[in-house]
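One structure is given here, and the rest of the page talks about it.
2 protein chains.
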Amino acid sequence: MKIGIIGGTGEIGEGMALRLSPRYDVIVGSREEAKAVMTCETCREALGGQGISCSLVGASNQAAVDEADLVVLAIPFKHVAPTLKTLGGFEGKIVVSPVNPIERDTYFYYAPPPEGSAAMMIRGMLPATATVCAAFNNVAANRWKKIDEELDYSVAVCCDDPVAKQTVMEMVNNVSRLRAYDAGPLAAASLVESVTPLLLNIARFNRMRDVGVRFI
Amino acid sequence: MKIGIIGGTGEIGEGMALRLSPRYDVIVGSREEAKAVMTCETCREALGGQGISCSLVGASNQAAVDEADLVVLAIPFKHVAPTLKTLGGFEGKIVVSPVNPIERDTYFYYAPPPEGSAAMMIRGMLPATATVCAAFNNVAANRWKKIDEELDYSVAVCCDDPVAKQTVMEMVNNVSRLRAYDAGPLAAASLVESVTPLLLNIARFNRMRDVGVRFI
């Protein structure tokens, strides 16, 4: 399976490239292809330093969509709508949203769009033959890139298509020690996205770092 | 510290009485005092069978408020407003809300009142000198009564008063292996309450039972 990462040069995108490219063909997308190529070089060196071979190629965001079977939107919520408006070709693709609409006051809170969640907004912006899955929403951003550390978290997956959901859950289970859980239809993704501001509050008010979650 | 449990004869209320009465003076409240007295008898036997002594007394819900320093609202969301309208005397008390406004369709979803959360609604119904804390929201209901099993979960606590928050966090940490985390002000309680329908979905869609949460 070929995985395209939109925003693949960002913190989470690069971390996902590091974690997924030893196992899958990964296309790192960026608005600037040259930046994506550089990120791939950095990832290759980091993985090579640990004796891990990988499959990585840098490309434009549009090429990352075009080449991939599964597209990950590794971009902040505020960039999602503007970015999707510039891209096409999502027909028949699985689109994974780790996106969380969060605002900050004296604490972090969930600030979903009118559709109810980032995932539902994304579904509304894509063609009907694209299948949106919410996944990876609660994995602490800073942990993705620390490839010498395991990711030992639970990952809730929401999706309306059972086959796509299964594909995404298998992908999750192939990353470090992540464990995928079926969290229901895409309409339930708001419950998953809103865990992230809770984790940020817990980190903040208990002086912890990179708090994640386990369902037990 | 004296703890009053409103709805102390329900599933969670009785379980809380079992878990808290070995350590605190617990007043089990009920609309029917006789029922509360019976629940106390059942609890005393269950704990006595394990060689555990406890402090338990059955009372009306109003007497449970009047006698307690800290009142736990162990009632379903739909009963909260009608019950609070029949009760008074909350002035100066700490009021703990483990209440989650949840609805069920083909999946569970969060259905908060206009105030944004059950906790915020409760605060609006009580006198200004009462201090509301959200706590215990995500502990699986069925686990409370199984006193031969440890409760090994994280518990997010939201409250606007630092002293009351500290009191509640200490109480949480005195129950089995529960670990309290400061999750910010009461306005952030919606993030805590909405974890519960997520856990119910995960239980349902992965054929699991009594799913709880750990922050790591």
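Respectively, the protein sequence lines represent chains E and A.
The numbering of the first sequence is the UniProt record's numbering, which starts it at 1 and goes up by one.
The numbering of the second sequence is the UniProt record's numbering, which starts it at 1 and goes up by one.
C-beta: ideal position from N, C-alpha, C; glycine also.
query, result
"Anticipated Cβ contact below 8 Å, I75/E with G10/E, distance rounded", "7 Å"
"7 Å CB neighbourhood of A36/E in its chain, flanking five on each side removed", "G8, T9, V28, G29, S30, G58, A59"
"Inter-stretch contact at 8 Å, needing at least 3 Cβ pairs: the region 104-120 of chain E / the region 189-206 of chain E", "yes"
"Min CB distance F205/A to chain E below 8 Å", "yes"
"Alpha carbon of L199/E to alpha carbon of M38/A, nearest angstrom", "41 Å"
"Any chain A beta carbon closer than 8 Å to P197/E", "yes"
"Any chain E beta carbon closer than 8 Å to I102/A", "no"
"Which of helix, strand or coil DSSP assigns to R177/A", "coil"
"Spatial distance of N137/A from N142/E (CA atoms)", "28 Å"
"According to DSSP, residues forming a beta bridge with V155/A", "A180/A"
"Proximity test, Cβ basis, 8 Å: T119/E and chain A", "Sequence check: residue 119/E is Ala here, not Thr. Chain A contact via Cβ: absent."
"Element boundaries [beta strand (DSSP E), containing S97/E]", "94-97"
"Reduced DSSP secondary structure (H/G/I, E/B, other) of S190/A", "helix"
"C-beta atoms of C158/E and L186/E nearer than 8 Å", "yes"
"Rounded Cβ spacing between P113/E and P101/E (contact assumed at less than 8 Å)", "6 Å"
"Interfacial residues, the region 167-183 of chain E to chain A, with Cβ spacing under 8 Å", "Y181, D182, A183"
"Where V65/E falls: helix, strand or coil (DSSP)", "helix"
"8 Å Cβ cutoff, F77/E in contact with chain A", "no"
"CB contact below 8 Å: residue 217/E versus chain A", "No statement about residue 217/E is possible, as the shown extent of chain E runs from 1 to 216 and does not include it."
"Contacts that S194/A makes with chain E (C-beta to C-beta distance below 9 Å)", "Y110, S190, L191, S194, V195, L198"
"Bridge-paired residues (DSSP) for V26/E", "I3/E, L56/E"
"Sub-8 Å separation of S97/E and L73/E beta-carbons", "yes"
"Simplified DSSP state of A34/A, which is helix, strand or coil", "helix"
"Inter-residue spacing [alpha-carbon to alpha-carbon] between A156/A and Y109/E", "15 Å"
"Within 8 Å, strictly: CB atoms of V175/A and L20/A", "yes"
"Partner residues on chain E for V96/A, Cβ-Cβ distance less than 9 Å", "Residues of chain E passing the Cβ test: none, with the nearest at roughly 18 Å."
"CB-CB length for A17/A against I5/A, believed under 8 Å", "6 Å"
"Residues of its chain near V168/E, where Cβ-Cβ distance is below 7 Å and the 5 sequence neighbours each way are ignored", "I94, V96, C133, A135, V157, C159"
"Buried or exposed (CB count within 10 angstroms, at least 16 for buried), G15/E", "buried"
"C-beta atoms of D182/A and N206/E nearer than 8 Å", "yes"
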